[in-house]
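Presented below is the structure to which this report refers.
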Amino acid sequence: MQTVLFHSTIFGPIHSRRLGVSLGVNLMPNDGKICSFDCVYCEAGYNAQGPGKDGVPTREAVKKGLKKKLEEMKAEGSKLDVITFSGNGEPTIHPHFKEIVADVMRLRDTYYPEAKVSVLSNSTMAGKPSVVEALLKVDNNILKLDSALPATMRAINQPVSSGTLPEGIINDLKAFAGQCIIQTMMLRGEHNGVKIDNTTDHEIDALIEAYKEIQPRSVMIYSIDRKTPEEHLEKVEKEELERIGARIKAAGFDVQVNA
Numbered sequence: 017m018q019t020v021l022f023h024s025t026i027f028g029p030i031h032s033r034r035l036g037v038s039l040g041v042n043l044m045p046n047d048g049k050i051c052s053f054d055c056v057y058c059e060a061g062y063n064a065q066g067p068g069k070d071g072v073p074t075r076e077a078v079k080k081g082l083k084k085k086l087e088e089m090k091a092e093g094s095k096l097d098v099i100t101f102s103g104n105g106e107p108t109i110h111p112h113f114k115e116i117v118a119d120v121m122r123l124r125d126t127y128y129p130e131a132k133v134s135v136l137s138n139s140t141m142a143g144k145p146s147v148v149e150a151l152l153k154v155d156n157n158i159l160k161l162d163s164a165l166p167a168t169m170r171a172i173n174q175p176v177s178s179g180t181l182p183e184g185i186i187n188d189l190k191a192f193a194g195q196c197i198i199q200t201m202m203l204r205g206e207h208n209g210v211k212i213d214n215t216t217d218h219e220i221d222a223l224i225e226a227y228k229e230i231q232p233r234s235v236m237i238y239s240i241d242r243k244t245p246e247e248h249l250e251k252v253e254k255e256e257l258e259r260i261g262a263r264i265k266a267a268g269f270d271v272q273v274n275a
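One rule links them: number in this note's numbering = place in the sequence shown (from 1) + 16.
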């Protein structure tokens, strides 16, 4: 199935199910993908397409591009709910992620002080001090945990490093002391002959135990809404997502279900 890369550093605004009117900041190449995961559901496709030739944008290019776009939107009277770090891979991999976050926060304060700044991260860099420092400054520090079980994480997220395991990620996320939002993609299907299903009772129980360790500000659960590189995946429908959400809520968490 065809997937889509973002061909600019600043993209949108788009309407996000989870965040509202969102202006995107893509810290990865505009002509390729770089990520520490290779998720079977990633709208940007698999890592095998390569990192492209453009390289990651410079700090100055991000700042200049965002300033220009915010000025245009402000002049047009456009609404903006959130500036979101997302795009063609994992934003926290960028070597100047901390500095770019500071730039974005300053520009937000200047042009749209009522807007939030969000980061969508796969959590693999959540043990790096400079990344942690930056993530603690944004309004919505949204960190991924699709499964608390190693085999399921391998099947869904396909970590680039064999050393990336749920236990390590959960330990890193605990260090945020509740200043994070955990995002979990719910799905079923098959990839390379391996069945995938993180909606079973066993999976949900394991996730709830992980949430209890992390103690996030809230939990977001959602399912597939766009094209995926793996064709044999099934969207979890709204009713089932709401049932799963009710279980998580009963365990003591604020839950946002995005169907």
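Here a beta-carbon is modelled for each residue, glycine too, at the ideal position from N, C-alpha and C.
Since the structure is predicted, the reported quantities are computational estimates derived from the model, not experimental observations.
(message) For His110, count the other beta carbons within 10 Å of its own beta carbon; 16 or more makes it buried, fewer makes it exposed. Which is it?
(response) Answer is buried; the Cβ neighbour count reaches 16.
(request) Inspect the beta-carbon positions of Gly28 and Gly48 and report whether they are closer than 9 Å. (result) Contact flag unset, no.
(message) Given this structure, state the Cα-to-Cα distance separating Thr74 from Asp155, to the nearest angstrom.
(response) Distance between the alpha carbons of Thr74 and Asp155 is about 23 Å.
(message) Please list the terminal residues of the continuous beta strand (DSSP E) segment that includes Lys132.
(response) Segment Lys132 to Ser137, the beta strand (DSSP E) holding Lys132.
(request) Identify whether Asn63 lies in helix, strand or coil by the three-state DSSP scheme. (result) Asn63: helix per DSSP, three-state reduction.
(request) Output yes or no for whether 9 Å exceeds the beta carbon distance between Thr200 and Lys160. (result) By the CB criterion at 9 Å, Thr200 and Lys160 fall inside the cutoff.
(request) Indicate the three-state DSSP secondary structure (helix, strand or coil) for Tyr128 in the structure shown. (result) Of the three classes helix, strand and coil, the one that applies to Tyr128 here is coil, per DSSP.
(message) I'd like to check one pair, Thr140 with Ser177: are the Cβ atoms closer than 9 Å?
(response) Cβ atoms of Ser177 and Thr140: closer than 9 Å.
(request) Output the boundary residues of the beta strand (DSSP E) element that contains Arg204. (result) Here the beta strand (DSSP E) through Arg204 covers Leu203 to His207.
(message) On the CB-based measure, 16 or more other CB atoms within 10 Å of its CB, does Gly268 come out buried or exposed?
(response) Per the 10 Å Cβ criterion, exposed.
(request) Report the rounded CA-to-CA distance for Val56 versus Ile220, giving the unit in angstroms. (result) Looking at the backbone, the Cα of Val56 and that of Ile220 are separated by about 20 Å.
(message) Please report the distance separating the alpha-carbon of Tyr238 from that of Ser52.
(response) Answer to the nearest angstrom: the Cα atoms are 21 Å apart.
(message) What would DSSP say about Met17, mapped onto helix, strand or coil?
(response) Its pLDDT being 45, under 50, Met17 is placed unreliably in this model, and the value from its coordinates should be taken loosely. The answer is coil: DSSP assigns Met17 none of H, G, I, E or B.
(message) Going by C-alpha to C-alpha distance, which of Leu136, Glu250, Ala77 and Asp97 sits closest to Ile240?
(response) Ranking the options by Cα distance to Ile240, first place goes to Glu250.
(request) Name the residue from Met121, Lys265, Ile185 and Thr25 whose alpha carbon lies nearest to the alpha carbon of Pro45. (result) With distances taken between Cα atoms, Pro45 lies closest to Thr25.
(message) Using the Cβ count rule (16 or more neighbours within 10 Å means buried), how would you classify Val273?
(response) Buried, by the Cβ-count rule.
(message) Taking the beta carbon of Pro166 as the centre, do at least 16 other beta carbons fall within 10 Å, making it buried, or is it exposed?
(response) Of the other Cβ atoms in all chains shown, fewer than 16 fall within 10 Å of the Cβ of Pro166; this residue is therefore exposed.
(request) Let me know the secondary structure DSSP gives Thr100 once reduced to three states. (result) Of the three classes helix, strand and coil, the one that applies to Thr100 here is strand, per DSSP.
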